[in-house]
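Okay, so here's the structure we're looking at.
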Amino acid sequence: MNTSSKVNKSKKVVNTTGRVSAKKAASYLHSMQNSSTTKINPAKQVTAPNWNPKHFRFKAKQEQLTSRWDPKKSLPSEGEWKHLKLHIPGENVQTNDLKDRIPKFPLGKENVPTLLPRPGVPQVGKNFTFRQVIGILKNKTQPELIYETNKEYDENEKEETNLAIRKREWAISLAMYLAPSAALFLLAYGAALFPTKLVRRIWYLPGPVEHIKFTSYPFIPGRPTPAYTVPLENLKRKHAARVWTGKGFYGTADKGFFYFTLLETLPNGKTKNWIVDRKGFFWSDGRVFDYLFGKETLQEAEAGIPYDKQFGIINQEVKKKKQQLREKHGVLWRYKMAAEEFGKDIKKLGGYITNSKSIDNKKKTDNGKQLPKGK
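For the sequence shown, our numbering assigns the number -1 to the initial residue and increments by one for each residue that follows.
Rendered as structure tokens:
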């Protein structure tokens, strides 16, 4: 008796009333146990070659995931992309409105950079050395954006959605900013001239003669953005104002100063100051700027030792040398060293006097005007 016939007979167990007797139920269970233990002829058994159930489960799951994935849905929406562009260097449109150049109080949120690294910019680390990063920049064939300042104080504007309140806060902040400057005309002129010194974007222009292109704010709001192109050798940072501090997102944060100054040497020999905000986007990190504008070697820029640490190293060497002199000459080593130097100076002075006398006597002998003895 095969399995199909037993299954057909099992359907007749249920009577018309829908009730099942205990005897028929027991015979039904016995028949199902016998059908499950029937032997199967191995010769008639068909198996799939290299059949792996895990493989089919994984493939089905993968097809299910790929069927659900839609590339159009994974892309940012228009509103998300508009907000994302604010944090990508080179993608944001910089305006010249008066509102963009006036800070809003308090300035707490402007202490942290909001610009992300530009895609494709190499970072010094396990993948690239500092020398390789500089080589990548030098081998560029098109202008490369190497710096961009943050969009002026945009984060605080999003705190208040009420337009009337925002305008009132902006008017109050404008009054707070201009009130001290209005006291003196010179300060007011300086406040108006200061944005024209702020660098907004910097491009590196490769070529036989390297140039730097940068933009600033116009003197009159609403005018076109002024752009300047200067040979790289005519731009340098101040000697003590190192860009790289090793702190912050790009290694340029400094608690003492929020900016550093670039000095442009004009054709007439004069210099012009340009102010660069430390909170902006920096190509790779601040050491690249120490190499370009600090005129440092690759080794010095890569080491990135701040000047305060350099002074600390020098002071440690001086203290070590003083300790050696104290062990050699005793507690009064300062006076002994001063006496030795004083003796050397006396000998030099005596030699100078002797040489001057011999030169004078030689001149007198040559001229035949030597005075008689006793006079």
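Quick reminder that beta carbons are idealized off the backbone N, C-alpha and C, glycines included.
Item                                                                                                         : Value
Selection from I132, L113 and I311 that minimises the alpha carbon distance to P120                          : I132
Beta-carbon spacing of T213, R198 below 8 Å                                                                  : yes
Three or more C-beta pairs below 8 Å linking the region 209 to 226 and the region 237 to 246                 : no
Same chain, Cβ closer than 6 Å to I299, five either side skipped, listed in chain order                      : Rather than Ile, the amino acid found at residue 299 in this sequence is Ala. For A299, where only same-chain residues beyond five positions count, the Cβ hits under 6 Å are R285, D288 and Y289.
Span of the alpha helix (DSSP H) around D288                                                                 : G284 to F291
Rounded separation between L196 and V274 - CA only                                                           : 6 Å
CB contact flag (W201, I144, <8 Å)                                                                           : yes
As assigned by DSSP and simplified to three states, the class of L96                                         : helix
Sequence-distant residues of the same chain with beta carbon closer than 7 Å to P104, five excluded per side : Note on P104: pLDDT 49, under 50, position unreliable in the model; no value is reported.
Which residues DSSP lists as bridging R199, in chain order                                                   : E146 and T213
For W272: DSSP bridge partner residues                                                                       : L260
Coil, strand or helix - L84 by DSSP                                                                          : helix
For L233, the first and last residue of its enclosing beta strand (DSSP E)                                   : L233 to R235
Status (buried if at least 16 other CB within 10 Å, exposed otherwise) for W281                              : buried
Buried versus exposed call for D283 [16 or more other C-beta atoms within 10 Å across all chains shown]      : buried
Burial state of R129 (16 or more Cβ within 10 Å)                                                             : exposed
Sequence-distant residues of its chain with Cβ nearer than 8 Å to T194 (five each side left out)             : S214, Y215, P216, F217 and P224
Which of helix, strand or coil DSSP assigns to V11                                                           : Low local confidence applies: a pLDDT of 42 at V11 is under 50, so the model's placement there is unreliable, and no value is given.
Residue from E208, P222, R332 and K345 with nearest C-alpha to V91                                           : P222
beta-carbon Q322 near the ligand PLP non-hydrogen atom, thresh 7 Å                                           : In the structure on display, the ligand PLP does not appear, and there are no ligands present to speak of.
Opening and closing residue of the alpha helix (DSSP H) in which V228 lies                                   : Not the alpha helix (DSSP H): V228 falls in the beta strand (DSSP E), residues A225 to P229.
Proximity to P204 [Cα-Cα], best of A190, G220, T227 and P219                                                 : T227
Cα-Cα separation between R116 and T295, rounded to whole angstroms                                           : 25 Å
One or two residues paired with F280 in a DSSP bridge                                                        : Y145
Exposed unless 16 or more other CB atoms sit within 10 angstroms - verdict on R276                           : buried
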